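Student: In the order they appear, the protein sequences are chains A and B.
Note that the numbering used here numbers the first sequence so that position 190 is 276, with each residue one more than the last.
Note that the numbering used here numbers the second sequence so that position 38 is 124, with each residue one more than the last.
For reference, the structure I am asking about is given below.
Protein chains: 2
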Amino acid sequence: MATEPADTPRRTSLSKEIVLREAVALADEAGTGAPSMRRLAERLGVEAMSLYHHFRNKDMILDGMIDLVFGEIELPSDVDWRTAMRRRAVSMRGTLIRHPWAISLMDSRTNPGHATLRHHNAVIGCLRSGGFSIAGAAHAFSVLDSYIYGYTLQELSLPFKSSVDLEDVAGSILNQMPRDEFPHLTEMILDRALKPGYAYTEEFDIGLDLVLDGLQRQRESWL
Amino acid sequence: MATEPADTPRRTSLSKEIVLREAVALADEAGTGAPSMRRLAERLGVEAMSLYHHFRNKDMILDGMIDLVFGEIELPSDVDWRTAMRRRAVSMRGTLIRHPWAISLMDSRTNPGHATLRHHNAVIGCLRSGGFSIAGAAHAFSVLDSYIYGYTLQELSLPFKSSVDLEDVAGSILNQMPRDEFPHLTEMILDRALKPGYAYTEEFDIGLDLVLDGLQRQRESWL
DNA sequence: GGTTGTACCTTACGGCGTAAGGATAGCGGC
DNA sequence: GCCGCTATCCTTACGCCGTAAGGTACAACC
């Protein structure tokens, strides 16, 4: 009944978004690695080669997926810089954990999308408003992102999800390991990993606060 | 003339080491990603399937390659903990940069090899001798490795090597970007990346010292 | 001299990204 | 109503990939 307006040029960009959204969903389900063109096409009810009408090659799809993920990260809110950076860090870790394939893909991607640029811009803006010099904001951005990426990278590479699995894995590593050759490692595994209540979130927060403390202390000395 | 001693059992383990050494060399030359079984075999003057006599599957080769890389990282020397951790961090970054394929492979690898375990053990031992409690050593290890991995990950994903390339790339991003939409980002690129003398090593050191300062300050409060 | 084990090879399968080109359907203009 | 254009999708094919299954050559040992 209601006639669609003549938005034929829209159809392409709409299709692009659908493809990317499904690609992200597919990658999330698979858990790791990028989906293949064939599987992605199948999910869309289409042949693999049809995707090449909307994207020059697979890399363009991966770029788009990464940008979609970046769009999920909470932009720094309008509070003091430390609270804003803390919230952003927590949101970023959450997003990267929700999309475990993303962090491995970021290595190879170098063309930042619109959401990525907006995100970076907002972070720098927040730091500048918080009293950081340009150089200081660059240092803060670098050390924060390094910590967040690195922590999440390691967290994702752990071969377990719950702390029940943790005990199993830690135990089996322990059993395979020549304990007397690595006494300090043995001690740490026994003392920490096998004790109940070891939480990744807590460990993340400890390092994050250490970094934020350092930034607060250096802020005015970075001119 | 000189008859070889009957060390047939050695041949297997020797062959394993040769395969791994060549695999690392091949990956270094290719720059990114793991070498394929076929290419690796070709380099060794052998067919692809022959490799499966020494390794159960490709993952075992990747595990071995990672452990070889870990073996290159300088163990913490016998000085004060801060100097030792600083040296280890610099060495670790250097190693990961020399083998750019390694950091992306570590995501998926979960079976630490002997060199990896020795390395971890030595780091923990150094921290414990430096007065860190078990929990404190765990926190320190976590935040340090997170920073080093994350920084290197980002450094490797940059699409250039020299600062000449940097100017080109930064300039082209700048030109493609709607400058007025991202004023802070624009300002930072103009002020920093396009100024000569921007050095990654310097940036790495700034964050590293910030983390080390934080550790020094917290050391005794972590019981 | 027959047995056993190690090292390597051959062949084949299903999956991958994508180059090249063909089919179809909806559109504006005549 | 018909024509040609363009956007969209499909078919086929190529050269890669990891590896399952099974074969061959040869040295070491009984």
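Think of the CB as a built atom: it goes at the ideal place given N, C-alpha and C, for glycine as much as any other residue.
All values derive from a computational prediction rather than experimental measurement.
Roughly how far, in whole angstroms, is the beta-carbon of residue 174/B from the beta-carbon of residue 159/B, given that I think they are within contact range, below 8 angstroms?
Tutor: The residue you call residue 174/B lines up with position 88 of the second sequence. The residue you call residue 159/B lines up with position 73 of the second sequence. Right, the Cβ-Cβ distance comes to about 7 angstroms (below 8 angstroms), so this counts as a contact.
Student: With a threshold of 16 other CB atoms inside 10 Å of the CB of residue 123/B, please say whether the residue is buried or exposed.
Tutor: Residue mapping note: residue 123/B aligns to position 37 of the second sequence, counting from 1. Buried is the call here.
Student: Excluding sequence positions up to five away, which residues of its chain have a Cβ less than 8 angstroms from the Cβ of residue 275/A?
Tutor: For the purposes of this step, residue 275/A is taken as the residue at position 189 of the first sequence. Counting only Cβ-Cβ distances below 8 angstroms, and skipping sequence neighbours, we find 256, 259, 260.
Student: By DSSP, does residue 142/B sit in helix, in strand, or in coil?
Tutor: The count along the second sequence starts at 1 and reaches residue 142/B at position 56. Looking at residue 142/B - three-state DSSP - the assignment turns out to be coil, as it is neither helix nor strand.
Student: Should residue 225/B be flagged as near chain A, meaning a C-beta pair shorter than 8 angstroms?
Tutor: Here residue 225/B is taken as the residue at index 139 of the second sequence, counted from 1. So yes, residue 225/B belongs to the interface.
Student: Can you look up residue 281/A in the DSSP assignment and give me helix, strand or coil?
Tutor: Position 195 of the first sequence, counted from the start, is the residue given in the question as residue 281/A. Residue 281/A falls in the coil class under three-state DSSP.
Student: I need the straight-line Cα distance from residue 231/A to residue 236/B, nearest angstrom please.
Tutor: In the first sequence, the residue the question calls residue 231/A occupies position 145. In the second sequence, the residue the question calls residue 236/B occupies position 150. The straight-line gap from Cα to Cα measures roughly 7 angstroms.
Student: Helix or strand or just coil, what does DSSP make of residue 243/A?
Tutor: Residue numbering aside, residue 243/A sits at position 157 when the first sequence is read from its first letter. DSSP places residue 243/A in helix when its eight states are reduced to three.
Student: With a threshold of 8 angstroms between beta-carbons, can residue 172/B be considered close to chain A, or not?
Tutor: What you label residue 172/B is simply residue 86 of the second sequence in a count that begins at 1. It does not; no Cβ of chain A falls within 8 angstroms.
Student: Starting from the Cα of residue 219/B, find the closest Cα among 200/B, 305/B, 192/B and give me that residue.
Tutor: Locating residue 219/B in the second sequence gives position 133, where the first residue counts as 1. Just measuring C-alpha positions, the residue of 200/B, 305/B, 192/B sitting nearest residue 219/B is 305/B.
Student: Determine the contact status of residue 298/A and residue 172/A, defining contact as a CB-CB distance below 8 angstroms.
Tutor: Start at 1 with the first residue of the first sequence, and residue 298/A comes out as number 212. Start at 1 with the first residue of the first sequence, and residue 172/A comes out as number 86. Yes. Within cutoff.
Student: Mapping DSSP to helix, strand and coil, what is residue 300/B?
Tutor: The residue labelled residue 300/B in the question sits at position 214 within the second sequence. Residue state, collapsed to three classes: helix.
Student: Within 8 angstroms of any Cβ in chain A, is that where the Cβ of residue 263/B sits?
Tutor: For this step, residue 263/B is matched to residue 177 along the second sequence. Yes, contact with chain A.
Student: So which residues on chain A does residue 240/B lean against when the C-beta distance must stay under 7 angstroms?
Tutor: Position 154 of the second sequence holds residue 240/B. Within chain A, the residues near residue 240/B are 231, 232, 235.
Student: Just verifying my parser: in three-state terms, what is the DSSP assignment at residue 184/B?
Tutor: Locating residue 184/B in the second sequence gives position 98, where the first residue counts as 1. DSSP, reduced to helix, strand and coil, places residue 184/B within a helical segment of the structure shown.
Student: I need the straight-line Cα distance from residue 270/B to residue 111/A, nearest angstrom please.
Tutor: On the second sequence, position 184 is the one that residue 270/B refers to. On the first sequence, position 25 is the one that residue 111/A refers to. Computed Cα separation, rounded: 32 angstroms.
Student: Can you name the start and end residues of the alpha helix (DSSP H) that residue 118/A belongs to?
Tutor: Numbered from 1 along the first sequence, position 32 holds the residue referred to as residue 118/A. First-last for residue 118/A: undefined, no H or E at that position.
Student: Taking the alpha-carbon of residue 167/A as reference, which of 203/A, 146/A, 222/A has the nearest alpha-carbon?
Tutor: For the purposes of this step, residue 167/A is taken as residue 81 along the first sequence, with counting starting at 1. For the residues 203/A, 146/A, 222/A, the minimum Cα distance to residue 167/A belongs to 222/A.
Student: What would DSSP say about residue 263/B, mapped onto helix, strand or coil?
Tutor: Taking the first residue of the second sequence as position 1, residue 263/B is located at position 177. Coil at residue 263/B, not helix or strand.
Student: For residue 265/A, I'd like the list of residues in its chain whose CB is within less than 6 angstroms of its CB, leaving aside the five on either flank, ordered along the chain.
Tutor: Residue numbering aside, residue 265/A sits at position 179 when the first sequence is read from its first letter. The residues are 272.
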